[in-house]
Each structure stands twice: as C-alpha cells, then as structure tokens.
Amino acid sequence: MVTDTERYQRILDRDVRYNGRFLTGVLTTGIYCLPSCPARKPKLENVRFFADEAAARAAGLRPCLRCRPDLFYRGQGSDEAIYEGLQTRLLADCSEVADLAALARLAGVSRTKLGTLCREHGHTSPAALLRHARQLATLRHLQASDTAIADIAYAVGYRSEATFHRQFLAEQGMTPGCYRSMLAGSSFTLRLPQAYRSAEVLAYLGRDPDGPAERRSGNHLCKALLVQGQAIRLSLTLAPGQAHCEVASEQRLVPATMAAAHLAALRCLGLWRPQEETLSDPLALQLQASQPGLVFPLSASVWEALVWAIVGQQVNLTFAGQLRRQVILLAGADAGEGMQAHPSPAAVAALDPALLCERKFSRSKASYLVDTARHLVEHGIDIEQLPYQSAPAALRRLTALRGIGPWTAQYTLLRGAGFADCVPVGDAGLVAALQRQFALPQRPDAAQTQALMACYAPHRSLATARLWASLKPLASEEAA
-6 MVTDTERYQR
4 ILDRDVRYNG
14 RFLTGVLTTG
24 IYCLPSCPAR
34 KPKLENVRFF
44 ADEAAARAAG
54 LRPCLRCRPD
64 LFYRGQGSDE
74 AIYEGLQTRL
84 LADCSEVADL
94 AALARLAGVS
104 RTKLGTLCRE
114 HGHTSPAALL
124 RHARQLATLR
134 HLQASDTAIA
144 DIAYAVGYRS
154 EATFHRQFLA
164 EQGMTPGCYR
174 SMLAGSSFTL
184 RLPQAYRSAE
194 VLAYLGRDPD
204 GPAERRSGNH
214 LCKALLVQGQ
224 AIRLSLTLAP
234 GQAHCEVASE
244 QRLVPATMAA
254 AHLAALRCLG
264 LWRPQEETLS
274 DPLALQLQAS
284 QPGLVFPLSA
294 SVWEALVWAI
304 VGQQVNLTFA
314 GQLRRQVILL
324 AGADAGEGMQ
334 AHPSPAAVAA
344 LDPALLCERK
354 FSRSKASYLV
364 DTARHLVEHG
374 IDIEQLPYQS
384 APAALRRLTA
394 LRGIGPWTAQ
404 YTLLRGAGFA
414 DCVPVGDAGL
424 VAALQRQFAL
434 PQRPDAAQTQ
444 ALMACYAPHR
454 SLATARLWAS
464 LKPLASEEAA
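So this is what it looks like as structure tokens:
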C-alpha cells in the first residue's frame, strides 16, 4: 500500500505517471491538484490525499487552475489541460507576465514546450497569445475607466508605449484614443491592410443576397446583429485603406454595444487576431504570391458560423442560404429597417423542429440544429469562448454533439473560432482547388486531402482560403 510519504514524493517529482491515481488537496489554499502540477509544492502537513475528484470536492476543495485536474478527469489530455489552464489565468490577469519566459513559468513548462503547446492547441505562437491577452485587458480598461492610456499600457504588462500603440493599431484597426471615443459614439473607422481585397470580403459577407440579416450595395454592406442582447445594424463602407463603420439601433447605444460592434467588424473584415504569414513551403509561397492582399473573414460570431455549418451540410450554398434565411425569419430579432438579426442559441433552442421541417429542412437537420442550441443553453455553454479552448479539445467537443461531423466542426473552428490550422476535409471547393493545384486526375478523398494539406501546416486555414480564392470563377465552400 502506498503511504502518504510516498505520495508526497511523487508530487515533489511531478510524476505524470501518477495522474489519475490520486489527488493532492492543499488545505491552506483550498485547491486540489494532479501529482504532476507545476505549482510550488506545499508542506506535507498542509496536504491531504484523495482517491478521486468526488472526495476532494466533498472536502470543500476546488480544482487547481494550473494543472486543471477537472479537465483531466473528463478525459482531456494533460497538454490540453495545461494550455486551457494557461488561457484561463492569462485572460484573467496578464499584468504580471512581463515576457515569454514569464509566460512559460505561468504554464509550468519550458519555453520549448510552451511553443509546442501554443502551436498544437492554440494554432498560434506564445508571443501572439500574450499579445492578444494584453489587448483584451487593454480593451477592458478602456471600457471601464478613464485611466490615462499610458498608464493602461503599463498596467497590462507593456514595457514600451511605442510597442503598445503599434500593437493596438495592428490588432484593433484604430488608436486607443479613437477606441475610447468610439465607445461614446455611433461610428468608427478601421484601418485596412495594403492591397486589401474588398470585393471578395464583401462577396463573402453578402453571400446570401436575399437574406434578412445582410444587404449589400457596391462597396457597402449592412449587417443586422444581436450583440449584448441588443439588435443593431452595422454598416460597413469599404474604401482604399479604410472601412467606415456605422452602428444604428432602435434602442439607445451604450459602450458595451459599441465594443461588441467593433469586435464584429474586425471579425467580418478578416482583421481579428491577425496572423503573420510565415508559410515557407514552395507551394505555399506560390499561393501567397498568386493571392496578394487576401484576408480571411470570419462570421460575426462563433454561433453564426456553427449555424451556417449545420444548415450547409451536404447541400449547395444557395440552398443553405434558403435554410439559414428561414431560421432568421422564425427566430431572429427585429433590427429595424426591415432587417432581422441572426438569432441567439436560446431563440433557436425554443424552436419546434417540426416548424423547420415545414420550411424545407430535413427532419435530421432540423433536429441537429435545435438539439445543438438546446445543448448549449441547457449546459450553460458560451460558444463564443471556443477560440480560447484547445483546438483538439474544441474539435472533440463539437463532434461529440449529434449531427456534427468533422466538416461541420472544422468549418466552425475555421470561420467561427478563427483557428489558423484547420482543414475542412470534404469541402467541395477545397477538393476542387486541390485537384487543380496538384493536377490530379480526380478529386482527392479525405485521406488524400489531409496529406496534400500537410505541407501548409501550421497555416492550413490560410492555405484553405488561398485555395478557395484560386478557383476561377471564385468558388465558395460547399455551403459556407
């Protein structure tokens, strides 16, 4: 029989082999940990050992946010738990994370391991992860107080005001001062990258020309959105180098609404969390050179992307648009001017699937959509947090839902969560582009698609966008 002294030695050794065999309860802090937890070790007299989570929770302890034993006992791998634990702590407070070495210490891993975690689970780099956390903290400060901008920069972890302003402009499309002014107004202007391909972005955003949530005319698009519980109309007018954005609503605009509208505009215009294009494979460089100025627009929200993916399963874009239109007409929110905003998960969860069947939905597709919405509502899941989860874990969680297969999940991660290394295997546009790119005698199957896309890792989302754009005339995804 293993003694407490022997168990204590295992936690001093951070022995991963004993994860799942017992838990360490730290009585002074009120948490319980895995034996491999990277946190500083407590004294033996302050420790109590438990056989499982139920016993630890019964003693009034809560899971450690560093080693995430709660995720481990749900079947999540230790690397997933470390990455998601790091995200949780970083998003809560990044002010003490001065550099990448400090970020690695916060995760309890080496710098090399941190890079691997970020690449495999976040599809990003440690520097980009830290930069985005600082940006989110900056936005919270700007929304909540009138603190001097320079003081905010240092409060969120920046050491240089010049770096702070440069990164803020690159990530938010405007200066911090303009962002603060925007919160009290009804319009804002975003900077667009050089050679920005406005026509293709507008074509994507307005791909359902008869939809009640979007209206496009020339270089202008108006999109109805539900943000912070308020239906708004977000008007985007694109010109060389800039996008002018106006927000209108039947209700009074408040700072939280303007902040949400700004985020939606960044997502829709392909400006959210910009990724450096560092593809090095010759084929990738060829695609890059052939598609200069290409960006990757996202759906306005993760939920909207998931709905598009479900209604678009195994149908063409036109029919998918018709189905999505019915969902918006049945459950959308009135945004004024004859427009309706995309419905929330709660509104879709309240629908009777039979009503969708009366409007050209198959029984299975109606059930998949409504059941997914009900699952999110009943379990209190905020689908908009998907970008901050481990990508493999998010994929597993999505495909665990009835009716959501690999294509639907990958499309949601790609167009909704903005993960940078996704491959929507089975997408008609992608396989057609691969057939053309590699001069194949026939369209590749799933295994061949994965193999052909491997050379573009870890930037396969961008490579997918370039392959879609390579089709002439421009081809859309299967139903995206």
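Residues -6 to 473 (this note's numbering) are what the sequence shown spells out, left to right.
In this text, a Cβ means the ideal position worked out from N, Cα and C, and glycines have one as well.
Each residue's CA atom was taken as its position, placing residue 183 and residue 193 some 18 Å apart. The beta carbon of residue 259 sits closer than 6 Å to the beta carbons of 265 from its chain, once the five residues preceding and following it are set aside; these are given in chain order.
In the structure shown, residue 59 falls within a coil segment according to DSSP collapsed to helix, strand and coil.
Rounded to the nearest whole angstrom, the C-alpha separation of residue 428 and residue 452 is 19 Å. Taken atom to atom, the span from the alpha-carbon of residue 306 to that of residue 365 is near 14 Å. Boundaries of the alpha helix (DSSP H) harbouring residue 454: 453 to 463, taken from the DSSP string. Cβ-Cβ separation between residue 287 and residue 462: approximately 6 Å, consistent with a contact (criterion under 8 Å).
Annotation: residue 252 to residue 110 spans about 30 Å, alpha carbon to alpha carbon. Contact check for residue 73 and residue 383: beta-carbon distance about 4 Å, within the 8 Å limit, so the pair qualifies. The stretch 237 to 244 and the stretch 84 to 96 do not touch, with fewer than 3 CB-CB distances between them shorter than 8 Å. By the neighbour-count criterion, in which a residue is buried when 16 or more other Cβ atoms sit within 10 angstroms of its Cβ, residue 161 is buried. Contact between residue 405 and residue 398 does not hold, since their C-beta atoms are separated by about 11 Å, which reaches or exceeds 8 Å. Closest option to residue 15, judged by alpha-carbon separation, among -6, 22, 80 and 410: -6. Around the beta carbon of residue 24, 16 or more other beta carbons sit within 10 angstroms, so the residue counts as buried. Between residue 37 and residue 223, the alpha-carbon positions lie close to 53 Å from each other. The beta carbons of residue 338 and residue 376 sit about 7 Å from each other, so the pair counts as a contact at 8 Å. In the DSSP assignment, residue 314 falls within the unbroken alpha helix (DSSP H) covering 310 to 324.
For residue 145, DSSP records no beta bridge to any residue.
Residue 379 places its beta carbon less than 8 Å from that of residue 409. DSSP lists 236 as the beta-bridge partner residues of residue 183.
DSSP places residue 376 outside any alpha helix (DSSP H), giving it a letter other than H or E.
Within the stretch 204 to 235, the complete beta strand (DSSP E) segments at least 3 residues long are 207 to 210, 213 to 220 and 223 to 232, listed from N- to C-terminus. Bounds of any alpha helix (DSSP H) do not take in residue 17; it lies within the beta strand (DSSP E) bounded by 16 to 19. At the C-beta level, residue 446 and residue 424 stay beyond 8 Å of one another.
If you check the CB distance, residue 342 and residue 363 come in under 8 Å. Looking at the DSSP output, residue 327 sits in a beta bridge with 333. Following the DSSP letters along the chain, one finds residue 261 inside the alpha helix (DSSP H) bounded by residues 248 to 261. Ranked by Cα distance from residue 22, the options 29, 13, 33 and 12 are led by 33.
Taking 8 Å as the cut-off, the Cβ atoms of residue 87 and residue 137 do not count as close. Residue 50 and residue 293 have their C-alpha atoms roughly 39 Å apart.
DSSP places residue 171 inside the alpha helix (DSSP H), whose first and last residues are 169 to 176. Taking C-beta atoms as the reference points, residue 8 and residue 42 fail to come closer than 8 Å. In the three-state DSSP reduction, residue 100 falls in the helix class (H, G or I). Taking C-beta atoms as the reference points, residue 114 and residue 414 fail to come closer than 8 Å.
Looking only at 300, 205, 442 and 400, the smallest Cα-Cα distance to residue 327 is reached by 205.
Membership of residue 303 in any beta strand (DSSP E) is not indicated; the residue belongs instead to the alpha helix (DSSP H) covering 295 to 304.
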